[in-house]
Amino acid sequence: MANKPSKKIGRREVADQLRTQQKRADQRQGAVIVGVCILIAVAIIGFAAFKPIKEWWDLRAFNDIDMSGIGAPAADVCSKVETKKADGNQEHVEPGVDVDYTDAPPAFGKHENTPDTPDRKLYTKDDRPRVEMLVHNLEHGYTILWYDETIADDDEQMTELKAIATKLKGNNNPRLKFKAVPWTSKDGKAFKGDNHIALTHWSKGGKDVDVSQVDKQVGVWQYCTDVSGEALYKFMQKYDYFDSPEPNGM
7 MANKPSKKIG
17 RREVADQLRT
27 QQKRADQRQG
37 AVIVGVCILI
47 AVAIIGFAAF
57 KPIKEWWDLR
67 AFNDIDMSGI
77 GAPAADVCSK
87 VETKKADGNQ
97 EHVEPGVDVD
107 YTDAPPAFGK
117 HENTPDTPDR
127 KLYTKDDRPR
137 VEMLVHNLEH
147 GYTILWYDET
157 IADDDEQMTE
167 LKAIATKLKG
177 NNNPRLKFKA
187 VPWTSKDGKA
197 FKGDNHIALT
207 HWSKGGKDVD
217 VSQVDKQVGV
227 WQYCTDVSGE
237 ALYKFMQKYD
247 YFDSPEPNGM
């Protein structure tokens, strides 16, 4: 009479089969997870690489264009230059202390005791220095282009600002004292009228005025609805770094 198969052996084989199947399922699941992680990593790396490549490609269009040819013609989008008697020369506040500026944006006034460094030309709302620090840059002869949230949300105009900032790149030439920075609702009231750009400069009162004549100092503004390289070029030609209370500052 033949021996009957052991029930223990049968159960063991079933258990072994189940373990084998579970192991294969775990391996397949692990492979899927690894594959998804690789795809996500590739997507992240691809996106990070795409942004500077796209930016480089967009800016190529401005390589052979002078700054005055970038954006809209000044006559179409900008108002006349305005001036106002200035104060605040050499009046410093400690870093972090807020100053209540009456103008939007300010072109003069009390300011932090250290200006921003000259290397950065364009900022966003995420990395811009405090307004109080930038006013110190104005005292040193910088022209500051302030742009509001409407411009910040406009890809075409932001590309134009990047192109302008690239044209004015450099730290050694004081004639390139320029910064383009955002003006947000947290900073103060909106620009007057329908304007979204404001050019500002702190003038000593004219190129022939001695810096000791503090009573001659004025703040200078020009408002525009859109980016205009032509307006900026003319503004910086008329109000250069030397026409400021402290032109030799950083």
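The sequence shown begins at 7 in the working numbering and counts up by one. The beta-carbon is built from N, C-alpha and C at its ideal position, and this holds for glycine as well.
The beta carbon of Gly77 lies closer than 6 Å to those of Glu166, Val233, Ser234, Gly235 in the same chain, with the five residues before and after it left out. The beta carbon of Lys213 lies closer than 8 Å to those of Asp246, Phe248, Asp249 in the same chain, with the five residues before and after it left out. For Gln243, the three-state secondary structure derived from DSSP is helix.
Between the C-alpha atoms of Asp70 and Lys240 there is a straight-line separation of about 19 Å. Per DSSP, His207 is not a residue of any alpha helix (DSSP H); the beta strand (DSSP E) it occupies stretches across 203-209.
When beta bridges are read from the DSSP output, Thr149 appears opposite Phe184. An exposed status is given to Asp106, since fewer than 16 other beta-carbon atoms sit within 10 Å of its beta-carbon.
Nearest neighbour of Asp104 by Cα position, chosen from Gly115, Asn95, Asp160, turns out to be Gly115. Between Asn95 and Glu138, the CB-CB gap reaches or exceeds 9 Å. The C-alpha of Asp159 is placed about 10 Å away from the C-alpha of Tyr153. Contact check for Lys173 against Asp72 passes: the beta carbons are separated by less than 9 Å. One thing to note: Ala80 has its Cβ no nearer than 9 Å to the Cβ of Val226. Taking C-alpha positions only, Leu140 is separated from Val215 by approximately 24 Å.
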